[in-house]
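Q: Which chain is which? The protein sequence lines are A and B, in order.
Yeah, the first sequence ends on 311 if you go by the numbering used here, and it's all consecutive.
Yeah, the second sequence ends on 614 if you go by the numbering used here, and it's all consecutive.
The structure under discussion is supplied below as structure tokens; questions concerning it will follow.
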Amino acid sequence: MNSSLALVLERTDIRRGDAFAVAPAPTLATGFARLDAELPGGGWPRGALTELLTEHGGISGIGELGLLLPALAALTGAGQAVVLIAPPYCAHAPAWAAAGIRLDCLRLVFPSRPRDALWAAVEALRCGGVAATLLWLDALFRAQLPANSLRRLHVAAGEGGGGAFCFRPARLAAAASPAPLRLQLQAQDIGGRLQVKILKRRGPPARQDILLDIARPAGFLQSVPHAVAGAVLPDIRRRNRVAA
Amino acid sequence: MLWLALYCPTSDGETASLPEASATRPTTLPTPALACWAGRFTPHVNLAPDALRLEIAGSLRLFGGLPALLDLVREDLAAMDLSAQLAVAATPLAALWLARAGSGNANEVICPDLPATRAALAAVPLAALQLPPPLARRLEGFGLRRIGDVLALPRAGLGARLGKPFLIDLARALGEIADPQPWFVFPEHFEQGLELPAPVEAAPVLLFAARRLIAALAGWLAPRNAAVRAIECLIDHGHGVTTAVPLAFSAPVYAPQRIERVLKERLDALTLSAPALALRLRVQEAEPREDRSHALFDGGEQRHEALAELMDRLAARLGPQAVQGLACHADHRPELASRASRGPSPRHAPAPSLPPRPLWLVEPPEALRESHGRPQRAGPLALVAGPERIESGWWDGLDARRDYFVAVDNEHRWLWIFRDSRPPGGWFLHGWFA
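Below, the structure written as structure tokens:
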């Protein structure tokens, strides 16, 4: 190989198409070995924006937070702060505590105007004292985030060096984004597993989707769940009648 | 004893070059606020009509020597947009005279001991003494221009011709007799204000003026080893109209930069109802500083500080209710089991082991359609766990009797729904297992 070419290849900001990029900062273990194996650096990137795309405008109930919970629990367990910006609903403290999150390390920010939300997001990402920031910005912007906002968020994350997770609607999967890691999440029919499709990563394109076992509130889900409902409901009705 | 004099010339000819800054630049006379700022360096401050004198012999070690201390003083003066002539001498009067005689940073006279002071005094022109005009004329008549010329003459004869007070002043400046100074008494409650030289229309511009008051506050806090949780900034519009801008901090603060950044967020968001004429800073209550050891490797302390500052700034701009913590509360009703907490929530006791709870709570619960005895939400919902009866609250009027289920919809989203057992009944969506 040409010696000057070899020199170029030694640089950390240059990567070959068939290899993972060298992560600029130590990554954050996701808690899912199969996902870690597919991510450059072996975990959630720090100091870079990560996009998580789901149906229903990024506010879904398919387990998109469950994907982050092991990493967040590890961070807060070490006394590091996690900030939620513009969460879609009220956070239910007992559930977060049960997921292993230390509540005193959790901060929620509820901006009312889109401009404030973006400002708060950039400030939180830039702050060195925040280990992970979770963003739900699209709901505040009627159409969608202004084009340069994502780049601002990405740059701010680089300054702060914490994890930056932006929940976004799945219809933006084809849109261009400066985020170096983009995952599309879908619920799977059988078993309540979460299907993770890697849309973009600093490395070779992912060959196939990853299936993850996310912590679910109930046991194994039957393929025909209506039967369960039918079995339970009359039973309760009967009990109520007795009580009355 | 070592004295640092800050001589503030009353003529502000050089400010004319900066018209923008001079609009917000208050008068340069030493004020009690400036004396408060000096408390940062030493508790022994003397406030004279045209100068501020600090006794700094005891502070040298703390600040790492005289040059380091002077650098800090210059830095602060520049940040406050104040111009003052510095001089250091072994006696208070010599420091004042040397400061008056000096011109510009290059000509600063720094005399760390008495012999150097005496040597430097010889070159000071007599005009710097600001003698009464008849005395000054007589000295000029003798052909004396500098202190050195006076000292060359026999003292006894001088006393007979020029009077005792002049001789005593000379002896004090030379350190031959003691020269006790009245100390500035730091106020018990901090409330300092300043008049703006011109009415200010835009709130963010006030920050420049506020910097001096914040520096004064930091200096006032330093000798008390105190910190503040709340500051009130009062903007005076004249005619008795004031705008109060309360600043609240999640943790006690004492660093001027931090106070300034939070004030900046408030001022940026503020629209003045009328031009501002004066500014005032008030502290209701100071509390002792919590000093913690710094970690050598971890950096956890800095992270903690950075987070607290971020939260203060977010709260200052978005409103205090927009920034929340989260805490568990012992109640069976889900809507009461989780509470927003202002400020850092205490490390709570572990939550009792409950059946699964959703991360997001839909508040108020969303009513669901029911068809064929099954709850519907864009198609029928499948119940996969439950029921869990939650019945509580008969004592406070928020009585609830509900049967909770974990449900999954057509799109495999996990819901937490309940059926109200009390009339009129019906199904409700109460949470999302995200």
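Where a beta carbon is used, it is the ideal one built from N, C-alpha and C, also for glycine.
Would you say residue 228 of chain B reaches chain A, if we count a Cβ-Cβ gap shorter than 8 Å as a contact?
A: Against the second sequence, residue 228 of chain B aligns to sequence position 48. So no, residue 228 of chain B is outside the interface.
Q: Identify whether residue 290 of chain B lies in helix, strand or coil by the three-state DSSP scheme.
A: Taking the second sequence and counting its residues from 1, one reaches residue 290 of chain B at position 110. DSSP places residue 290 of chain B in strand when its eight states are reduced to three.
Q: Hey, could you find the ends of the beta strand (DSSP E) residue 596 of chain B is sitting in?
A: Taking the first residue of the second sequence as 1, we reach residue 596 of chain B at position 416. Element bounds for residue 596 of chain B: 594-600.
Q: Tell me which residues share the same chain as residue 71 of chain A and place their Cβ nearer than 8 Å to its Cβ, disregarding the 5 neighbours each side in the sequence.
A: Stepping through the first sequence from its first residue, residue 71 of chain A is reached at position 4. There are no such residues.
Q: Give a yes or no on whether the minimum CB-CB distance between residue 177 of chain A and chain B is below 8 Å.
A: For the purposes of this step, residue 177 of chain A is taken as the residue at position 110 of the first sequence. Interface residue, yes.
Q: Take every Cβ of the stretch 507-525 of chain B, pair it with every Cβ of the stretch 163-172 of chain A, and state whether three or more of those distances are shorter than 8 Å.
A: yes
Q: With H, G and I counted as helix, E and B as strand and the rest as coil, what does DSSP make of residue 197 of chain A?
A: Here residue 197 of chain A refers to the residue found at position 130 when the first sequence is read from its first residue. Three-state DSSP puts residue 197 of chain A in a strand.
Q: Go to residue 437 of chain B, then tell me how far its alpha helix (DSSP H) extends in each direction, as first and last residue.
A: Residue numbering aside, residue 437 of chain B sits at position 257 when the second sequence is read from its first letter. Where residue 437 of chain B is concerned, the enclosing alpha helix (DSSP H) stretches over 436-448.
Q: Would you please state the rounded distance, in angstroms, between the beta carbons of residue 156 of chain A and residue 542 of chain B? I believe it to be under 8 Å.
A: Working through the first sequence from its first residue, we reach residue 156 of chain A at position 89. Working through the second sequence from its first residue, we reach residue 542 of chain B at position 362. Indeed, because the Cβ distance is near 6 Å, the residues count as touching under 8 Å.
Q: Quick check on residue 121 of chain A: does DSSP put it in helix, strand or coil?
A: For this step, residue 121 of chain A is matched to residue 54 along the first sequence. In this structure, residue 121 of chain A counts as strand in the three-state DSSP scheme.
Q: Are the CB atoms of residue 383 of chain B and residue 459 of chain B nearer to each other than 8 Å?
A: One-based indexing of the second sequence puts residue 383 of chain B at position 203. One-based indexing of the second sequence puts residue 459 of chain B at position 279. The Cβ-Cβ distance between residue 383 of chain B and residue 459 of chain B does not fall below 8 Å.
Q: Give the residues of chain A in contact with residue 595 of chain B, contact being defined as C-beta atoms less than 9 Å apart.
A: Translated into the one-based positions of the second sequence, residue 595 of chain B becomes position 415. Under the 9 Å cutoff, chain A gives 128.
Q: Quick one, are the C-beta atoms of residue 538 of chain B and residue 611 of chain B less than 8 Å apart?
A: Position 358 of the second sequence holds residue 538 of chain B. Position 431 of the second sequence holds residue 611 of chain B. Against a cut-off of 8 Å, the Cβ pair of residue 611 of chain B and residue 538 of chain B comes out as a contact.
Q: Determine which residues of the stretch 180-197 of chain A have a Cβ less than 8 Å from any Cβ of chain B, and write them out in chain order.
A: 183, 186, 187, 190, 191, 194, 195, 196 and 197
Q: Quick check on residue 423 of chain B: does DSSP put it in helix, strand or coil?
A: If you number the second sequence from 1, residue 423 of chain B lands on position 243. Residue 423 of chain B falls in the strand class under three-state DSSP.
Q: When burial is assigned at 16 or more other CB atoms within 10 Å of the CB, is residue 139 of chain A buried or exposed?
A: Taking the first residue of the first sequence as position 1, residue 139 of chain A is located at position 72. The residue in question, residue 139 of chain A, is buried, as its Cβ has 16 or more Cβ neighbours within 10 Å.
Q: Between the Cα of residue 365 of chain B and the Cα atoms of B:225, B:211 and B:308, which residue gives the shortest distance?
A: Locating residue 365 of chain B in the second sequence gives position 185, where the first residue counts as 1. Of the candidates B:225, B:211 and B:308, the one whose C-alpha sits nearest the C-alpha of residue 365 of chain B is B:225.
Q: Closer than 9 Å by beta-carbon distance: list the chain A residues that pair up with residue 485 of chain B, in chain order.
A: On the second sequence, position 305 is the one that residue 485 of chain B refers to. By Cβ distance, chain A contributes 196.
Q: Less than 8 Å between CB atoms is the rule here; does residue 279 of chain A satisfy it with respect to chain E?
A: Chain labels in this structure do not include chain E; the protein chains are A and B.
Q: Can you grab the Cα-Cα spacing for the pair residue 410 of chain B / residue 113 of chain A, in whole Å?
A: Here residue 410 of chain B corresponds to residue number 230 of the second sequence, with the count starting at 1. Here residue 113 of chain A corresponds to residue number 46 of the first sequence, with the count starting at 1. If you take the alpha carbons of residue 410 of chain B and residue 113 of chain A, they lie about 35 Å apart.
Q: Report the three-state DSSP secondary structure of residue 236 of chain B (helix, strand or coil).
A: Translated into the one-based positions of the second sequence, residue 236 of chain B becomes position 56. Coil.
Q: Quick check: what's the CA-CA separation for residue 106 of chain A versus residue 86 of chain A?
A: For the purposes of this step, residue 106 of chain A is identified with residue 39 of the first sequence, where counting begins at 1. For the purposes of this step, residue 86 of chain A is identified with residue 19 of the first sequence, where counting begins at 1. For residue 106 of chain A and residue 86 of chain A, the distance between alpha carbons rounds to 11 Å.
Q: Determine the contact status of residue 233 of chain A and residue 122 of chain A, defining contact as a CB-CB distance below 8 Å.
A: Stepping through the first sequence from its first residue, residue 233 of chain A is reached at position 166. Stepping through the first sequence from its first residue, residue 122 of chain A is reached at position 55. Against a cut-off of 8 Å, the Cβ pair of residue 122 of chain A and residue 233 of chain A comes out as no contact.
Q: Within 10 angstroms of its Cβ, does residue 204 of chain B collect 16 or more other Cβ (buried), or is it exposed?
A: Walking along the second sequence from the start, residue 204 of chain B turns up at place 24. Bear in mind that a pLDDT of 43 at residue 204 of chain B, under 50, signals an unreliable position, so the model cannot answer this.
Q: Quick check on the burial criterion: 16 or more other C-beta atoms within 10 angstroms. Buried or exposed for residue 378 of chain B?
A: For this step, residue 378 of chain B is matched to residue 198 along the second sequence. So residue 378 of chain B counts as exposed.
Q: Does the structure place the stretch 598-607 of chain B close enough to the stretch 582-589 of chain B that three or more beta carbon pairs sit under 8 Å?
A: yes
Q: Does residue 226 of chain A come within less than 8 Å of chain B when only Cβ atoms are used?
A: Along the first sequence, read from residue 1 onward, the residue named residue 226 of chain A stands at position 159. No - not a single Cβ of chain B is within 8 Å of the one on residue 226 of chain A.
Q: Excluding the 5 residues preceding and the 5 following residue 347 of chain B in the sequence, name in chain order all residues of the same chain whose CB lies nearer than 6 Å to its CB.
A: Position 167 of the second sequence, counted from the start, is the residue given in the question as residue 347 of chain B. Counting only Cβ-Cβ distances below 6 Å, and skipping sequence neighbours, we find 339.
Q: Leaving out five residues on either side along the sequence, give the residues of the same chain with a beta carbon under 7 Å from the beta carbon of residue 280 of chain A.
A: Here residue 280 of chain A refers to the residue found at position 213 of the first sequence. For residue 280 of chain A, where only same-chain residues beyond five positions count, the Cβ hits under 7 Å are 260.
Q: Assuming residue 230 of chain A is part of the beta strand (DSSP E), what are its boundary residues?
A: The residue given as residue 230 of chain A occupies position 163 in the first sequence. Element bounds for residue 230 of chain A: 230-236.
Q: Going along the chain, which residues of the stretch 535-552 of chain B sit with their C-beta nearer than 9 Å to a C-beta in chain A?
A: 535, 536, 537, 538, 539, 540, 541, 542 and 543
Q: Quick one: what's got a C-beta closer than 8 Å to residue 149 of chain A's C-beta in the same chain, skipping five residues either side?
A: Within the first sequence, numbered from 1, the residue matching residue 149 of chain A stands at position 82. Once the five neighbours on either side are set aside, the close Cβ partners of residue 149 of chain A are 139, 142, 143, 168, 172, 173, 174, 197, 198, 199, 200 and 201.
Q: Using a 10 Å radius around the Cβ and a threshold of 16 neighbouring Cβ atoms, would you call residue 564 of chain B buried or exposed?
A: The residue you call residue 564 of chain B lines up with position 384 of the second sequence. Buried is the call here.
Q: Residue 605 of chain B to residue 589 of chain B, Cα distance in whole Å?
A: On the second sequence, position 425 is the one that residue 605 of chain B refers to. On the second sequence, position 409 is the one that residue 589 of chain B refers to. Those two C-alpha atoms are separated by around 21 Å.
Q: With a CB to CB cut of under 6 Å and the five nearest residues on each side skipped, what residues in its chain are close to residue 357 of chain B?
A: The residue you call residue 357 of chain B lines up with position 177 of the second sequence. Result list for residue 357 of chain B: 351, in chain order.
Q: Using a Cβ-Cβ distance cut-off of 8 Å, determine whether residue 174 of chain A contacts chain B.
A: As a position in the first sequence, residue 174 of chain A is number 107, starting the count at 1. With 8 Å as the cut-off, residue 174 of chain A counts as an interface residue toward chain B.
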